[in-house]
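Engineer:
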């Protein structure tokens with residue numbers, strides 16, 4: 002079945018440093034979603050990318066969808082302590098009524114103030 | 237707008253006991269999901285409902301797990317009997333639409349510990 006892999010598994014940065022997490026799918030994706038889960042919290046939707054090569058920005062966060070629609074990245078500029086959490090990418094395994102999101106294992110970001 | 241509500245938030249039981257989790261989705265969301273999340277892992281889908289119909293339960297271990305959404309609103313997930321390996325967080329999520337526009341809203345989850 003479809004696999005969604007994320008690297009790195011963990012990333013520790015000093016506040017103010019940049020951070021990037023990468024997501025790779027074993028199959029071509031129609032879209033990709035990103036979620037953030039704070040420690041002890043639940044996943045919260047951040048964004049959805051649909052188009053090949055799409056780039057979207059949310060303040061200090063930049064999301065990119067690969068040209069082949071098999072990979073994606075999330076880049077955070079000048080991290081803050083509020084960015085701490087696990088970032089998950091998720092891709093659909095199939096379309097229509099069988100729509101199902103497969104989540105990666107996530108990247109845990111810790112920020113040293 | 238109220239979010240997805242789940243109860244209980246925490247549950248500790250002994251193995252072989254039954255346990256049930258309850259979820260009330262966001263009002264108007266026809267699609268409801270139950271996920272299992274183990275420590276250090278992403279959520280894994282157990283079952284998806286469209287209104288009261290379970291349209292994808294392929295990942296639900298049906299020998300011990302069951303779920304229902306009788307009136308197409310709130311839902312219950314049950315485990316009977318529970319095993320040690322069932323210790324995890326059980327997340328409920330809902331979405332207004334399924335498919336390409338299906339942003340999912342997650343509840344706070346129920347942390348289950350089986351002793």
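Chains as they are written, first to last, in my numbering: chain A, 2 to 114; chain B, 237 to 351. Every residue gets a Cβ at the ideal spot worked out from N, C-alpha and C, and that includes glycine. All values derive from a computational prediction rather than experimental measurement.
Give me the chain B residues within the contact set of residue 23 of chain A, using Cβ-Cβ distance strictly less than 8 Å, ordered along the chain.
Structural biologist: Per Cβ cutoff of 8 Å: no residues; residue 23 of chain A is ~15 Å from chain B at best.
Engineer: Would the beta-carbon of residue 312 of chain B fall within 7 Å of that of residue 256 of chain B?
Structural biologist: In this structure, residue 256 of chain B lies closer than 7 Å to residue 312 of chain B by Cβ.
Engineer: Just checking: is the beta-carbon of residue 244 of chain B within a distance shorter than 7 Å of some beta-carbon in chain A?
Structural biologist: Chain A, which has no Cβ nearer than 7 Å to the Cβ of residue 244 of chain B, makes this no.
Engineer: Strictly under 7 Å for the Cβ-Cβ distance: is residue 52 of chain A near chain B by that measure?
Structural biologist: Residue 52 of chain A does not count as touching chain B.
Engineer: What residues are listed by DSSP as bridge partners for residue 37 of chain A?
Structural biologist: Answer is A/45 and A/88.
Engineer: Starting from the Cα of residue 49 of chain A, find the closest Cα among A/41, A/58 and A/42 and give me that residue.
Structural biologist: Nearest of A/41, A/58 and A/42 to residue 49 of chain A, Cα basis: A/58.
Engineer: Assign residue 246 of chain B to buried or exposed, taking buried as 16 or more other Cβ atoms, counted over all protein chains shown, within 10 Å of its Cβ.
Structural biologist: Exposed.
Engineer: Could you pull out every residue in the same chain whose Cβ sits closer than 8 Å to the Cβ of residue 14 of chain A, ignoring the five residues on either side in sequence?
Structural biologist: Correct list, in chain order: 20, 80, 110, 111, 112 and 113.
Engineer: Between residue 349 of chain B and residue 248 of chain B, is the Cβ-Cβ spacing less than 7 Å?
Structural biologist: Yes, they are a contact pair.
Engineer: Residue 16 of chain A to residue 310 of chain B, Cα distance in whole Å?
Structural biologist: So the two alpha carbons sit approximately 42 Å from each other.
Engineer: Within its chain, find whatever has a CB closer than 8 Å to the CB of residue 68 of chain A; leave out the 5 residues flanking it on each side and keep chain order.
Structural biologist: The answer, listed in chain order, is 53 and 54.
Engineer: Cβ of residue 33 of chain A within 7 Å of Cβ of residue 74 of chain A?
Structural biologist: Contact flag unset, no.
Engineer: Does residue 30 of chain A come out as helix, strand or coil in the three-state DSSP assignment?
Structural biologist: Residue state, collapsed to three classes: coil.
Engineer: Count the other CB atoms, across all protein chains shown, that sit within 10 Å of the CB of residue 251 of chain B; report buried if there are 16 or more and exposed otherwise.
Structural biologist: Residue 251 of chain B is exposed by the Cβ-count criterion.
Engineer: Quick check on residue 105 of chain A - is its C-beta less than 7 Å from some C-beta in chain B?
Structural biologist: Cβ-Cβ to chain B under 7 Å: yes for residue 105 of chain A.
Engineer: Could you work out which residues of chain A lie near residue 277 of chain B, taking near to mean beta carbons separated by less than 9 Å?
Structural biologist: Going along chain A in sequence order, the residues near residue 277 of chain B (Cβ under 9 Å) are 104, 106 and 107.
Engineer: Are at least three pairs of beta-carbons, each pair with one atom in the stretch 286 to 303 of chain B and one in the stretch 315 to 330 of chain B, less than 8 Å apart?
Structural biologist: Touching, per the Cβ criterion.
Engineer: Per DSSP, what kind of secondary structure is residue 83 of chain A in: helix, strand or coil?
Structural biologist: Residue state, collapsed to three classes: helix.
Engineer: Considering only their Cβ atoms, is the gap separating residue 260 of chain B from residue 291 of chain B smaller than 7 Å?
Structural biologist: No, the Cβ-Cβ distance between residue 291 of chain B and residue 260 of chain B is not below 7 Å.
Engineer: Starting from residue 293 of chain B, trace the beta strand (DSSP E) both ways and give me its first and last residue.
Structural biologist: Per DSSP, residue 293 of chain B belongs to no beta strand (DSSP E) and is neither H nor E.
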